[in-house]
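**Q** Residue numbers (my numbering), protein chains in the order written: chain A, 904 to 1236; chain B, 15 to 399. Built from N, CA and C at the ideal position, the CB exists for glycine as well. Dropping the structure in here first, questions after.
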Amino acid sequence: MTATLDTTQTPEISLAQAVNRALRDAMTADEKVVVFGEDVGVLGGVFRVTDGLTRDFGEQRCFDTPLAEAGILGTAIGMAMYGFRPVVEMQFDAFAYPAFEQIASHLAKMRNRTRGALPLPVVVRVPYGGGIGGVEHHSDSSEGYFVATPGLHVVTPATVSDAYTLLRAAIESDDPVIFMEPKRLYWSKDRLATSGPAIGQAAVRRQGADATLIAYGPTVSTALEAAEAASADGYDLEVVDLRSIVPFDDATVCDSVRKTGRAVVIHEAAGFGGTGAEIAARVSERCFHWLEAPVRRVTGFDIPYPPPKLERYHLPSVDRILDAVASLQWEDR
Amino acid sequence: MTVLTTRDKTGSGFPLGFDTILDPSPLQYLDEHGALSGALRDDAPELAPEELLATWRAMVVGRRFDVQATTMVRQGRLAVYPSSYGQEACEIGAVLALRADDWLFPTYRDCVSMVTRGIDPVEALTLLRGDWHCGYDPQRRHTAPQCTPLATQAPHAAGLALAAKLAGDDTVALAFCGDGGTSEGDFHEALNFAAVYQAPAIFFVQNNQYAISVPLAKQTHAAALAHKAVGYGMAGVRVDGNDVIAVRRAVAEAAERARAGEGPTLIEAVTYRMQAHTNADDATRYREESEVEYWSARDPLARVETYLRARGLLTDDVLAEANQAAEALAAEMRLRLGGEPEVDHRDLFAHVYAEPTPQLREQAAALQAEIDAAALDAQAGEPGR
């Protein structure tokens, strides 16, 4: 599908505003869509993502909850059983952990255990990732836990337009979707395109011939920056933005790697047992005969997320990506 | 009445009300001898004979179901069966007080309540037979899948009740849970959410004294589980869980309050788990036989039978008909659960998502190829791999 770019002279909006607009448009389109979580009402959420929703749609459609993430998830599941389409906010990545049992034992399994009789169209919005100077428990990349839980879709936008289109698609989906919002991109701005590829389709953000950088969410912009920098060194890098980790777009990823013969996977979460390990394994299994070098990973270290004054050492950087690219067994260089 | 109401009666705006009654003695209409309970004789509910007989009959049938299911575990027909023998007043009294469109959130020990709601016995036992996780259509039966992780279904009941309220319906949601489940965080969060939103929910705790082997005294230091209602600002009721009249009346009143917009109720029904936790458990390791005998003398079915006989309602014909219905159900269970269940390997992949992911399609095809190859080998008379 081709993106419809908003060609009117609308100003650029932030990623947070794009999420807000997706929520508004979904609530306008379907009265069964309800938004709730901690501080999402009058305050508009700690990141102002739900700004004005209670004012404009009323307290029955967007409301504050007690401070209890398992209760929020459990309530959402019960409401979905009665025909609603709840969109709930986990205030920060690490604050979603108390909800994990509800997500793993019920949200992910209800459709399957009832042979399709009880689908749960619930969207769980999780602001995630580092790079915002957050203190302990405010910067985790928790996607791996959800990715390892069959029954969930795990989606993460890297652009303003994807924040809108993927969230609209997530709310319309009859399956539960964990919607991971890269919080350091909340304030990044762009013009909004209100349609785009479906959940499950990756996007090639930059064409290149020499190696493929595979990234998602917050590391897509880092990968693009690295690709620009690499071109000065004579490397022509392709950048694939996964957009959704589950379902995984093997086709787009493998087409790219078969073309370039080299791949680097980038994410903020710890490398050991991380999503990148799965991606590297999939690419190796499917593209072995096209590969000129082992698939490399550039990830966070295998450590608890560091304090703000140290996070610059932990996060995948342009330099670290360039070093990984340089190590991909190039001949004649 | 021993309804521990915490609603503000003074109009002072203080949510808990200083006149909260904390009498922990359970609401009882029928004592252990099947006589109308002395203290409440004057307040006895005017239960119509037909309603009393229907309740008793469901208990006869429900008990037979339970005994048959326990037998079928020993025969290897079921993988496991957590018995609710002796808890029929709770299982049956609670659901008979609900409307068919009210929602029930049962646990693994609540098959009898589900069968009482009209769920097919084979569908009710699908989980415990092991051919699938949930055998019935929850939407059609207004009954959630049986829940195994303790108390995690309680917030679903709060959410569904809130949804019904927002939709303008007068549907009520009742969640069962055990005494052990009240220690879980989800129990607390569910009651708190339901109270904050004044959701039409009923949390029905079957206090059967044991969480597998751990007795109530090690589960809580509270004088009564019903007292927890005070902390949430909701109505709390403690009933004799072996008195089906008391259970029915407590649930009916809670449902009435819920439908009237007066919010949720916590009901603690004091009963006893007569059998071990499951067939895999050995209850002699943690409790005395004398304790079981004590509760045996307080059997909920014998109690209501004595009462009905005393009222002249339980004729030989009525008794014969009920026993016949119970035996017919048991025979049907033996017949329909006797053979090996038919399973379809394609079910493994078909229901995970609305549309299988490309990865699941690949895996389904790989399994199909494996099965087809094995079938071809079998046809050719070759030993399987």
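Whose Cβ in chain A lies nearer than 8 angstroms to the Cβ of B:Glu255?
**A** Position 241 of the second sequence, counted from the first residue, corresponds to residue 255 of chain B. In the sequence on display, residue 255 of chain B carries Gly and not Glu. The contacting residues do not exist; B:Gly255 stays about 25 angstroms from chain A at best.
**Q** By the criterion of Cβ-Cβ separation under 9 angstroms, what are the contact partners of A:Phe1151 in chain B?
**A** Reading the first sequence from its first residue, position 248 is the one you call residue 1151 of chain A. The contacting residues are Thr371, Pro372 and Gln373.
**Q** Classify B:Met73 as helix, strand or coil using the three-state DSSP reduction.
**A** One-based indexing of the second sequence puts residue 73 of chain B at position 59. If DSSP states are grouped into helix, strand and coil, B:Met73 belongs with the helices.
**Q** Could you check if B:Pro278 is buried or exposed, using at least 16 other CB atoms within 10 Å of its CB as the buried criterion?
**A** Working through the second sequence from its first residue, we reach residue 278 of chain B at position 264. Buried, because 16 or more other Cβ atoms sit within 10 Å of the Cβ of B:Pro278.
**Q** Select from the region 956 to 969 of chain A all residues with a C-beta closer than 8 angstroms to any C-beta belonging to chain B, and list them in chain order.
**A** If the cut-off is 8 angstroms between Cβ atoms, the region 956 to 969 of chain A has Gln963, Thr968 and Pro969 near chain B.
**Q** Can you look up B:Trp309 in the DSSP assignment and give me helix, strand or coil?
**A** Within the second sequence, residue 309 of chain B is the residue found at index 295, counting from 1. B:Trp309 falls in the helix class under three-state DSSP.
**Q** Look at the alpha carbon of A:Gln1104 and the alpha carbon of A:Thr1178, and state the distance between them as a whole number of angstroms.
**A** One-based indexing of the first sequence puts residue 1104 of chain A at position 201. One-based indexing of the first sequence puts residue 1178 of chain A at position 275. Distance between the alpha carbons of A:Gln1104 and A:Thr1178 is about 17 angstroms.
**Q** List the residues that DSSP assigns as beta-bridge partners of B:Cys191.
**A** Indexing the second sequence from 1 puts residue 191 of chain B at position 177. Paired residue(s): B:Val219.
**Q** Starting from A:His1217 and walking both ways along the alpha helix (DSSP H), at which residues does that stretch end?
**A** One-based indexing of the first sequence puts residue 1217 of chain A at position 314. Segment Glu1214 to His1217, the alpha helix (DSSP H) holding A:His1217.
**Q** Who are the neighbours of A:Asp933 on chain B, taking C-beta pairs under 7 angstroms?
**A** Taking the first residue of the first sequence as 1, we reach residue 933 of chain A at position 30. Simply none; closest approach about 14 angstroms.
**Q** Please name the residues in the region 983 to 995 of chain A whose beta-carbon is closer than 9 angstroms to at least one beta-carbon of chain B, in chain order.
**A** So the close ones are Ala983, Met984, Tyr985, Gly986, Phe987 and Pro989.
**Q** Could you tell me how far apart the beta carbons of B:Phe190 and B:Pro96 are, in whole angstroms, since I believe they sit closer than 8 angstroms?
**A** Position 176 of the second sequence holds residue 190 of chain B. Position 82 of the second sequence holds residue 96 of chain B. Not a contact, Cβ separation roughly 12 angstroms.
**Q** B:Pro12 versus chain A: which residues are under 8 angstroms apart at the beta carbon?
**A** Outside the shown range of chain B (15 to 399) lies residue 12 of chain B, about which nothing can therefore be said.
**Q** Can the beta-carbon of B:Ala175 be found closer than 8 angstroms to that of B:Pro214?
**A** Numbered from its first residue, the second sequence carries residue 175 of chain B at position 161. Numbered from its first residue, the second sequence carries residue 214 of chain B at position 200. In contact: B:Ala175 and B:Pro214 (Cβ atoms closer than 8 angstroms).
**Q** Please list, in chain order, the residues of the region 137 to 149 of chain B that have any C-beta partner in chain A closer than 8 angstroms.
**A** For the region 137 to 149 of chain B, which is checked against every Cβ of chain A, the residues closer than 8 angstroms are Trp146, His147 and Cys148.
**Q** A:Val990 and A:Ile1102 - do their beta-carbons sit closer together than 8 angstroms?
**A** For the purposes of this step, residue 1102 of chain A is taken as the residue at position 199 of the first sequence. For the purposes of this step, residue 990 of chain A is taken as the residue at position 87 of the first sequence. In this structure, A:Val990 does not lie closer than 8 angstroms to A:Ile1102 by Cβ.
**Q** If you run the structure through DSSP and keep just helix, strand and coil, what is A:Pro1100?
**A** One-based indexing of the first sequence puts residue 1100 of chain A at position 197. Note: A:Pro1100 maps to coil in three-state DSSP.
**Q** Along chain B, in chain order, which residues have C-beta atoms closer than 8 angstroms to that of A:Gln1005?
**A** Taking the first residue of the first sequence as position 1, residue 1005 of chain A is located at position 102. Simply Thr166, Pro169 and Asp200.
**Q** Within 10 Å of its beta-carbon, does B:Tyr308 have 16 or more other beta-carbons around it, so buried, or fewer, so exposed?
**A** One-based indexing of the second sequence puts residue 308 of chain B at position 294. So B:Tyr308 counts as exposed.
**Q** Beta-carbon of A:Ala971 versus every beta-carbon of chain B: anything under 8 angstroms?
**A** Taking the first sequence and counting its residues from 1, one reaches residue 971 of chain A at position 68. Yes, because at least one Cβ of chain B sits closer than 8 angstroms to the Cβ of A:Ala971.
**Q** Report yes if the CB atom of A:Trp1193 is closer than 8 angstroms to the CB atom of A:Gly1164, and no otherwise.
**A** Here residue 1193 of chain A refers to the residue found at position 290 of the first sequence. Here residue 1164 of chain A refers to the residue found at position 261 of the first sequence. Their beta carbons are under 8 angstroms apart, which means A:Trp1193 touches A:Gly1164 by this criterion.
**Q** Under 8 angstroms, Cβ to Cβ, is there at least one residue of chain B near A:Thr978?
**A** Sequence index remark: in the first sequence, residue 978 of chain A carries index 75 (1-based). Closer than 8 angstroms to some Cβ of chain B, the Cβ of A:Thr978 qualifies, so yes.
**Q** Just to confirm the assignment, what range does the beta strand (DSSP E) spanning A:Glu1241 have?
**A** Past the edges of chain A, shown from 904 to 1236, lies residue 1241 of chain A, and the structure says nothing about it.
**Q** Near B:Lys242, what residues of its chain come up, given a Cβ to Cβ distance below 8 angstroms and the 5 sequence neighbours on each side ignored?
**A** To locate residue 242 of chain B, count along the second sequence from 1; it is residue 228. Contacts found: Thr196, Leu205, Ala236, Gly250 and Leu280.
**Q** Quick one: Cα of A:Ala1196 to Cα of B:Arg375, how far?
**A** Position 293 of the first sequence, counted from the first residue, corresponds to residue 1196 of chain A. Position 361 of the second sequence, counted from the first residue, corresponds to residue 375 of chain B. Going from the Cα of A:Ala1196 to the Cα of B:Arg375 covers about 30 angstroms.
**Q** Just the C-alpha distance for A:Asp1152 and A:Ile1117, rounded to the nearest angstrom, thanks.
**A** Residue mapping note: residue 1152 of chain A aligns to position 249 of the first sequence, counting from 1. Residue mapping note: residue 1117 of chain A aligns to position 214 of the first sequence, counting from 1. Straight-line Cα distance between these residues: approximately 11 angstroms.
**Q** Is there contact between the region 1032 to 1042 of chain A and the region 1209 to 1217 of chain A, where contact requires at least three CB pairs shorter than 8 angstroms?
**A** At 8 angstroms Cβ cutoff, the stretches touch.
**Q** If you follow the beta strand (DSSP E) that B:Tyr321 is in, where does it begin and where does it stop?
**A** Counted from its first residue, the second sequence places residue 321 of chain B at position 307. Here B:Tyr321 belongs to no beta strand (DSSP E); instead the alpha helix (DSSP H) covers Pro314 to Ala324.
**Q** Starting from A:Arg1014, find everything on chain B with Cβ-Cβ shorter than 8 angstroms and list it in chain order.
**A** Here residue 1014 of chain A corresponds to residue number 111 of the first sequence, with the count starting at 1. Within 8 angstroms Cβ-Cβ: His365, Val366, Tyr367 and Ala368.
**Q** Closer than 7 angstroms by beta-carbon distance: list the chain B residues that pair up with A:Asp1077, in chain order.
**A** Sequence index remark: in the first sequence, residue 1077 of chain A carries index 174 (1-based). Simply Ala368.
**Q** Spatial neighbours of B:Met288 within its chain, please: CB distance less than 6 angstroms, with the 5 preceding and 5 following residues excluded, ordered by chain position.
**A** Looking up residue 288 of chain B in the second sequence gives position 274. Cβ neighbours of B:Met288 beyond the five flanking positions: Tyr99 and Gly100.
**Q** Do the CB positions of A:Pro1060 and A:Arg1146 come within less than 8 angstroms of each other?
**A** Here residue 1060 of chain A is taken as the residue at index 157 of the first sequence, counted from 1. Here residue 1146 of chain A is taken as the residue at index 243 of the first sequence, counted from 1. Yes; because the gap between Cβ atoms is below 8 angstroms, this pair is in contact.
**Q** Between the region 350 to 364 of chain B and chain A, which residues of the former have a C-beta closer than 8 angstroms to a C-beta of the latter?
**A** Answer set for the region 350 to 364 of chain B: Asp361 and Ala364.
**Q** Identify, in the order they occur along the chain, each residue of the same chain with its Cβ nearer than 6 angstroms to the Cβ of A:Met1013, setting aside the five sequence neighbours on each side.
**A** In the first sequence, counting from the first residue as 1, residue 1013 of chain A sits at position 110. Excluding residues within five positions, the ones whose Cβ falls inside 6 angstroms are Leu1021 and Leu1023.
**Q** Taking all protein chains shown into account, decide if A:His1170 is buried (16 or more other Cβ within 10 angstroms of its Cβ) or exposed.
**A** For the purposes of this step, residue 1170 of chain A is identified with residue 267 of the first sequence, where counting begins at 1. It is buried - the Cβ of A:His1170 has at least 16 other Cβ atoms within 10 Å.
**Q** Going by DSSP, what residues sit across from A:Gly940 in a beta bridge?
**A** Residue 940 of chain A sits at position 37 when you count from the first residue of the first sequence. Bridge partners of A:Gly940: A:Asp967 and A:Glu992.
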